[in-house]
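Participant: If you're matching positions, the sequence shown starts at 1 in UniProt numbering and goes up one per residue. Before anything else, here's the structure in question.
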Amino acid sequence: MSGCSTLNPSPISPQTHTVIEQAERQGFVPALYDTSLVTYAVWEKNKQKTNRTATETKQNNQNQNIQDIHVYIEGDGNSWKTRYQVSDNPTPKNPLSLKLAMQDTHKNVIYLARTCQYHFDKEKCKSRYWSDARYSEEVIQSTNEILNQIKTRHPQARFLLIGFSGGGNIAALLSARRNDISGLITIAGNLDHDALNEYHRVSPMRDSLNAIHYATELKNIPQKHYAGSKDKIVPAWLAAKYKQALNSPCVAIEAIKDNTHHKGWEEQWPQFLKEALPCQQNNATKIS
């Protein structure tokens with residue numbers, strides 16, 4: 001896959017097109033990952049990729065193996081046309097996770113789009129995968145397969161998973177089933193979609209897994225969850241509810257004054273990346 005023009009037969013918003021172009025100019029390289037469910041669009045940035053001899057490349061790869069890989073997981077995107085009508089193209093109109101990834105100065109950064117975003121297979125892309133089954137077992141498993149494929153190139157690496165909105169639930173669910181997660185960060189994360197859907201008075205997602213139900217698996221992972229004090233889509237109380245359920249010193253939450261669901265995060269993200277995660281001494285977790 002090369003260039004955003006080949007990513008999706010469906011239209012990409014001008015704003016998203018511009019962000020993709022900016023990311024690729026910064027060194028994010030587009031790729032496609034095949035999974036048991038669908039093919040996913042991914043952008044990868046590796047600062048250590050330069051022209052080297054074979055010996056230097058081998059040594060460089062060995063050094064990379066001990067580096068954390070920062071994986072940014074996109075939100076739910078353009079999943080609904082209206083309150084009652086599912087979208088036919090879930091590609092985000094404002095790819096906030098990609099914007100945040102572009103500000104990450106870490107050596108290994110990956111932006112992971114959600115199911116059927118940017119790359120759309122009409123035969124495999126069923127609307128349930130960005131509606132009621134957006135966090136289903138098959139979606140989580142297929143996303144997990146991508147991490148497994150990345151791991152084959154970096155066998156000793158660990159993942160710092162960073163999820164925005166619904167991508168926060170994906171990141172948490174992945175963290176619950178892997179043993180190579182160095183940390184978990186969410187931004188306006190939907191960590192309890194049952195409670196959130198009840199709050200918004202919409203139908204429950206009965207085919208979707210829910211992060212808050214995996215407290216035992218998640219409670220010892222260093223993690224921090226940022227919420228916007230003015231977020232009306234994913235209210236800050238949801239992160240507090242999740243923290244209470246896990247009841248662990250490894251879980252931190254912070255409500256950011258005046259931030260909404262989409263506004264404020266880009267400006268503050270570089271500073272947030274400098275903050276340590278809880279349980280850092282016990283788990284040797286470093287964000288950057």
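Backbone N, C-alpha and C fix where the C-beta goes; we use that ideal spot for every residue, glycine too. Every value quoted in this text rests on a predicted model; they were computed, and no experiment measured them.
Is there contact here, the region 217-233 with the region 243-251, by at least three beta-carbon pairs under 8 Å?
Facilitator: yes
Participant: Tell me the DSSP bridge mates of L112?
Facilitator: For L112, which the question treats as bridged, DSSP gives the partners V42 and I73.
Participant: In this structure, does DSSP put A255 in helix, strand or coil?
Facilitator: strand
Participant: Just to confirm the assignment: which complete beta strand (DSSP E) runs, minimum length 3, are found wholly within the region 129-195?
Facilitator: 159-164 and 181-187
Participant: Here's a check: name, in chain order, each residue in its chain whose Cβ is nearer than 6 Å to the Cβ of D207, leaving out the five neighbours to either side.
Facilitator: D132, A133 and S136
Participant: In the structure shown, what three-state DSSP assignment does A211 receive?
Facilitator: helix
Participant: From G264, A171 and K263, pick the residue whose C-alpha is nearest to that of K224; which is it?
Facilitator: A171
Participant: Rounded C-beta distance between D180 and F159? I'm assuming under 8 Å.
Facilitator: 6 Å
Participant: How long is the line joining the alpha carbons of N210 and I233, rounded to whole angstroms?
Facilitator: 17 Å
Participant: If you drop the 5 nearest sequence neighbours on each side, which residues of the same chain put their C-beta closer than 7 Å to that of K81?
Facilitator: S87
Participant: Going by C-alpha distance, which of L174, C279 and N197 is nearest I162?
Facilitator: L174
Participant: Do I140 and E44 count as a contact pair if the criterion is CB distance below 7 Å?
Facilitator: No, they are not a contact pair.
Participant: Buried or exposed: which applies to residue 290, given that a residue is buried once 16 or more other Cβ atoms fall within 10 Å of its Cβ?
Facilitator: The structure shown does not extend to residue 290, since the chain spans only 1 to 288, so no value can be given for it.
Participant: Have a look at T16, Q22, T18 and V71 and flag the residue whose alpha-carbon is nearest the alpha-carbon of V42.
Facilitator: V71
Participant: Is Q26 helix, strand or coil when you go by DSSP?
Facilitator: Here Q26 sits in coil by DSSP.
Participant: To the nearest angstrom, how far is it from the Cα of D68 to the Cα of W265?
Facilitator: 22 Å
Participant: The beta strand (DSSP E) spanning A101 covers which residue range?
Facilitator: Taken as a continuous stretch (DSSP letters only), A101 belongs to no beta strand (DSSP E), being part of the alpha helix (DSSP H) at L96 to M102.
Participant: Sort out for me which residues DSSP pairs H225 with in a bridge.
Facilitator: T186 and I253
Participant: Label W130 either buried or exposed according to how many other C-beta atoms from any shown protein chain fall within 10 Å of its C-beta, with 16 as the threshold for buried.
Facilitator: buried
Participant: Closer than 8 Å is the cut-off here; do at least three beta carbon pairs connect the region 195-202 with the region 147-159?
Facilitator: The region 195-202, when compared against the region 147-159, does not touch it at the 8 Å Cβ threshold.
Participant: If you draw a straight line from the C-alpha of A31 to the C-alpha of S182, how long is it?
Facilitator: When rounded, the distance between both Cα atoms is 24 Å.
Participant: Measuring only the C-alpha atoms, how far is P270 from E74?
Facilitator: So the alpha carbons of these two residues sit roughly 18 Å apart.
Participant: Between the alpha carbons of A215 and G189, how many angstroms are there, rounded?
Facilitator: 16 Å
Participant: For T152, count the other beta carbons within 10 Å of its own beta carbon; 16 or more makes it buried, fewer makes it exposed. Which is it?
Facilitator: A residue is called buried once 16 or more other Cβ atoms fall within 10 Å of its Cβ, and T152, having fewer, is exposed.
Participant: Using the Cα positions of N283 and R178, report the straight-line distance between them to the nearest angstrom.
Facilitator: Here the model assigns N283 a pLDDT of 46, short of 50, so the residue's position is not dependable and the matter cannot be decided.
Participant: Roughly how many angstroms separate the alpha carbons of L191 and N169, rounded to a whole number?
Facilitator: Computed Cα separation, rounded: 5 Å.
Participant: Measure the C-alpha to C-alpha separation of I185 and T143 and round it to an integer number of angstroms.
Facilitator: 17 Å
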